[in-house]
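Enquirer: In UniProt numbering, the protein residues as written are 1 to 181.
Heads up, the beta-carbon is just placed ideally off N, CA and C, and yes, glycines get one too.
This is the structure, below, for whatever I ask next.
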């Protein structure tokens with residue numbers, strides 16, 4: 001299950017495939033960029049700079065999966081690249097599912113949920129994660145988010161809070177893996 005891939009010229013080890021139904025270099029690069037920026041490494045660090053260049057190139061070259069767009073929106077938000085952040089958020093808003101006074105994102109081709117009495121449907125964990133990245137992208141901006149962004153963010157937060165399990169937690173897509181030692 002362990003695999004080595006080149007991310008924009010960098011060799012990386014990872015286990016399995018990224019979650020969210022997407023298995024490509026761009027998604028993995030976005031994950032790594034987010035992790036580096038959350039450390040926080042400065043945007044001027046060569047690895048971060050190269051990763052952002054890779055993401056910017058990918059953004060202009062092809063249509064990306066909704067999950068990848070959510071990751072890229074947050075990565076650009078953390079990097080302070082407001083133009084790219086807004087572009088991805090605009091694209092994501094067109095794909096948003098607006099229902100019952102809340103907003104979320106789901107993977108393309110997903111079967112619609114069936115409304116059953118006395119049953120509260122919970123979305124797959126990858127969709128909760130994807131929606132959370134969009135929320136983070138909305139809230140991670142300088143200067144502070146506008147009132148309009150905060151209002152939209154509250155609709156996203158409403159959906160996410162509705163996905164909590166009875167113990168107050170969420171199901172997880174995260175898997176811990178380490179490179180060979």
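For residue 70 and residue 64, I'd like the C-alpha separation in whole angstroms.
Expert: Within the chain shown, numbered from 1, the residue matching residue 70 stands at position 70. Within the chain shown, numbered from 1, the residue matching residue 64 stands at position 64. Distance between the alpha carbons of residue 70 and residue 64 is about 10 Å.
Enquirer: Can you have a look at residue 104 and say buried or exposed, based on whether 16 or more other CB atoms are within 10 angstroms of its CB?
Expert: Along the chain shown, read from residue 1 onward, the residue named residue 104 stands at position 104. With 16 or more other Cβ atoms within 10 Å, it is buried.
Enquirer: Just the C-alpha distance for residue 82 and residue 53, rounded to the nearest angstrom, thanks.
Expert: Counted from its first residue, the chain shown places residue 82 at position 82. Counted from its first residue, the chain shown places residue 53 at position 53. So the alpha carbons of these two residues sit roughly 15 Å apart.
Enquirer: Would you call the stretch 144-164 and the stretch 91-104 touching, i.e. three or more CB-CB distances under 8 Å?
Expert: Contact between the stretch 144-164 and the stretch 91-104 is present, because at least three Cβ pairs lie under 8 Å.
Enquirer: Nearest to residue 153 by alpha carbon, out of 96, 121, 26?
Expert: Residue numbering aside, residue 153 sits at position 153 when the chain shown is read from its first letter. Residue 96 is the option with its Cα nearest to residue 153.
Enquirer: Have a look at 25, 138, 106 and flag the residue whose alpha-carbon is nearest the alpha-carbon of residue 89.
Expert: One-based indexing of the chain shown puts residue 89 at position 89. Taking only the C-alpha atoms, the option nearest residue 89 is 138.
Enquirer: How many angstroms separate the CA atom of residue 86 from the CA atom of residue 121?
Expert: As a working note, residue 86 is residue 86 in the chain shown. As a working note, residue 121 is residue 121 in the chain shown. Going by the C-alpha atoms only, they are around 31 Å apart.
Enquirer: For residue 73, count neighbouring Cβ atoms within 10 angstroms of its own Cβ and tell me buried if that reaches 16, exposed if not.
Expert: Within the chain shown, numbered from 1, the residue matching residue 73 stands at position 73. Its Cβ being crowded by 16 or more others within 10 Å, residue 73 is buried.
Enquirer: Only counting the same chain, and skipping five residues up and downstream in sequence, which positions put a Cβ closer than 7 Å to that of residue 132?
Expert: Counting from 1 along the chain shown, the entry for residue 132 is found at position 132. Cβ neighbours of residue 132 beyond the five flanking positions: 160.
Enquirer: How close, in whole Å, do the beta carbons of residue 68 and residue 30 come, if the pair is a contact with beta carbons under 8 Å?
Expert: Here the question's residue 68 lines up with position 68 in the chain shown. Here the question's residue 30 lines up with position 30 in the chain shown. Right, the Cβ-Cβ distance comes to about 6 Å (below 8 Å), so this counts as a contact.
Enquirer: Excluding the five sequence neighbours on either side, which residues of its own chain have a C-beta within less than 6 Å of the C-beta of residue 93, listed in chain order?
Expert: One-based indexing of the chain shown puts residue 93 at position 93. Once the five neighbours on either side are set aside, residue 93 has no close Cβ partner at all.
Enquirer: Determine the burial state of residue 38: buried for a count of at least 16 other Cβ atoms within 10 Å of its Cβ, exposed for fewer.
Expert: Taking the chain shown and counting its residues from 1, one reaches residue 38 at position 38. Looking at its Cβ environment, which holds fewer than 16 other Cβ atoms inside 10 Å, residue 38 is exposed.
Enquirer: Quick check: the Cα distance between residue 168 and residue 48, rounded to an integer number of angstroms?
Expert: The sequence position of residue 168 within the chain shown is 168, counting from 1. The sequence position of residue 48 within the chain shown is 48, counting from 1. C-alpha separation (whole angstroms): 35 Å.
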